[in-house]
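J.: Here it is, the structure, as structure tokens.
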Amino acid sequence: MNIMGELALIFGICLVGEGVAALLPVAFPASVISMVLLMVLLLTGVLKDRHIETVSHFLVANMAFFFLPSFVGLLEHVELLKSSLVPILLIVVLTTPVVYLVTGWTVRLLMLRGKGKEGKDRA
188 MNIMGELALI FGICLVGEGV AALLPVAFPA SVISMVLLMV LLLTGVLKDR HIETVSHFLV
248 ANMAFFFLPS FVGLLEHVEL LKSSLVPILL IVVLTTPVVY LVTGWTVRLL MLRGKGKEGK
308 DRA
């Protein structure tokens, strides 16, 4: 699939996520809905990873650029952040190891799952 088609596919999924978020009776981020929708499509095989491979590699390779607007937004609120510095640092210090552990366990589980599928494919 060409790059424009891959982009259209990803933006289409994002648009569906926006629509679902608008229909929900509670506030929920459309980006999270879109990611869950993309994950479900990939896991069910409706969407193959090769369909979005080129664009996803580009987005991951340039991910740092997508954090620049957030950083600029933080700079605009430095005074507010200074007043909450201790709680913010405490939250960061406590949650970072949890995120690392959960990520490590998830990667390990997926690697074991992948090895199990390779064995079934060879049989």
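Numbering (the numbering used here) for the sequence shown: 188 to 310. Idealized CB from N, CA, C, for every residue including glycine.
1. When the Cα atoms are used, what is the spatial distance from H238 to P212?
2. Would I200 and L225 qualify as a contact pair, given that the criterion is a beta-carbon distance under 7 Å?
3. Confirm, please, whether the CB-CB distance from V242 to E205 is below 7 Å.
4. Work out the CA separation of M188 and L272 for me, nearest whole Å.
5. Can the beta-carbon of F215 be found closer than 7 Å to that of A209?
6. In the DSSP assignment, find the unbroken alpha helix (DSSP H) run with I200 in it and report its ends.
7. Which residue marks the beginning of the alpha helix (DSSP H) containing G260, and which one marks its end?
8. Can you tell me whether K302 is helix, strand or coil according to DSSP?
9. Please report the straight-line C-alpha distance between L234 and P274, rounded to a whole angstrom.
T.: Walking through what the data contain:
1. For H238 and P212, the gap between their C-alpha atoms comes out near 33 Å.
2. With contacts defined by Cβ atoms closer than 7 Å, I200 and L225 form a contacting pair.
3. Result no, Cβ atoms of E205 and V242 do not sit closer than 7 Å.
4. Distance between the alpha carbons of L272 and M188: 47 Å.
5. Between F215 and A209, the C-beta gap is not smaller than 7 Å, which leaves the two residues out of contact.
6. From DSSP, the alpha helix (DSSP H) with I200 extends over 190 to 210.
7. 255 to 263 is the extent of the alpha helix (DSSP H) around G260.
8. Correct three-state label for K302: helix.
9. Rounded to whole angstroms, the separation of the alpha carbons of P274 and L234 is 42 Å.
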